[in-house]
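All residue numbers for the sequence shown refer to my numbering, where the first residue is 814 and numbers rise by one. The beta carbon of each residue, even a glycine, is placed where N, CA and C say it ideally should be.
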Amino acid sequence: MNICDKPIGVFDSGVGGITVLKELCTLMPNENYIYFGDSLNAPYGSKSDEEIEALSEKAIEKLCRAEVKAVVIACNTATSVAAAKLREKIKLPIIGIEPAVKPAANAHPGKTIVVMATPVTLKKEKFLQLAKSYSEIAKIIPLPCPGLAQLIEGGEETKKDIEKYLCNLFEPYMSQKPAAIVLGCTHYPHVAHIISNLFEHDVEIFDGGHGTARETKRQLEELALTNPQKEKGFVKFTSSSTNDDQIDLMKKLFDSFLPI
814 MNICDKPIGV FDSGVGGITV LKELCTLMPN ENYIYFGDSL NAPYGSKSDE EIEALSEKAI
874 EKLCRAEVKA VVIACNTATS VAAAKLREKI KLPIIGIEPA VKPAANAHPG KTIVVMATPV
934 TLKKEKFLQL AKSYSEIAKI IPLPCPGLAQ LIEGGEETKK DIEKYLCNLF EPYMSQKPAA
994 IVLGCTHYPH VAHIISNLFE HDVEIFDGGH GTARETKRQL EELALTNPQK EKGFVKFTSS
1054 STNDDQIDLM KKLFDSFLPI
């Protein structure tokens, strides 16, 4: 198989990265994709750095065995903890994701911006430097969301629990009337509509999926790895979970998700 015809591997701790996969498919529909969700070990946000590094490396090695031409880490936690080390070990283009603080701050200078993410993502130097870079432009408020990704993994069965969780989470910030919410975990865009409905004023929602898709396209073009086929490519879903319902949930979320 010609290397350009090979698929792009997309990896997340579970179903969250489906949001990034949809952005990739929208921007580059002629590419082929293999999605791997490590739902057996989800969520990553509560694990140690060592665990996250080991699980991320194992996931990417699985995608390498499937002969992918590039890997997109569609997980903010795995990107912040493991991406740099994985690039040293694995000789493939590895594209990560980061919270969309830059576009949010530039769009709302002088305003309050809440950044939702896992506790691991928010405490890492990568995020701290990112927030510091734009703290003079806007008021950046980090908001840890422990357990939210795990609730989203539950699908429709946990919808009421998710609504209650988010209502309690944002209650202390309602009076500050944030201008924007940055979704710093790829699971969170699945519940963006719930977040928007919590506020009586207009709040702009940002996530990093589109930026990651653009960077993937840029790197593939730079390395002459883009797929020349004219027809729509295939999307294959895989999971570390032995629960058959997990693949069905991935397909359902992929079909229903509309990029922000």
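Query, Result
"Continuous alpha helix (DSSP H) stretch holding residue 893: start and end", "889-902"
"Given 8 Å, three or more beta-carbon pairs between the stretch 837-846 and the stretch 916-935", "no"
"Unbroken alpha helix (DSSP H) run spanning residue 930, endpoints", "Element bounds for residue 930: not the alpha helix (DSSP H) but the beta strand (DSSP E), 925-930."
"Close-in-space but distant-in-sequence residues of the same chain around residue 792 (CB under 7 Å, 5 per side omitted)", "No answer is possible for residue 792: the residues shown for the chain start at 814 and end at 1073."
"Close beta carbons around residue 939, own chain, < 6 Å, minus the five adjacent residues each side", "893"
"Pair within 9 Å by beta-carbon distance, residue 985 and residue 957", "no"
"For residue 957, the residue or residues it bridges with in DSSP", "930"
"Boundaries of the alpha helix (DSSP H) in which residue 1052 is found, first to last residue", "Premise fails: residue 1052 lies in the beta strand (DSSP E), 1048-1052, not in any alpha helix (DSSP H)."
"Residues of its chain near residue 882, where Cβ-Cβ distance is below 6 Å and the 5 sequence neighbours each way are ignored", "816, 819 and 1038"
"Inter-stretch contact at 8 Å, needing at least 3 Cβ pairs: the stretch 825-834 / the stretch 852-864", "yes"
"Proximity winner among 960, 821 and 1002, relative to residue 849 (alpha-carbon distances)", "821"
"Residue 962 to residue 1000 span [Cα, whole Å]", "6 Å"
"Which of helix, strand or coil DSSP assigns to residue 879", "coil"
"Helix, strand or coil at residue 1016 according to DSSP, with G and I counted as helix", "coil"
"For residue 844, the nearest candidate out of 1045, 934, 944 and 1036 (CA to CA)", "1045"
"In DSSP terms, what residue 952 is bridged to", "925"
"Option nearest residue 831 by Cα separation, candidates 1050, 1056 and 1054", "1050"
"Exposure label - residue 941; buried when at least 16 CB within 10 Å", "exposed"
"Distance between residue 966 and residue 880 (C-alpha atoms, nearest Å)", "28 Å"
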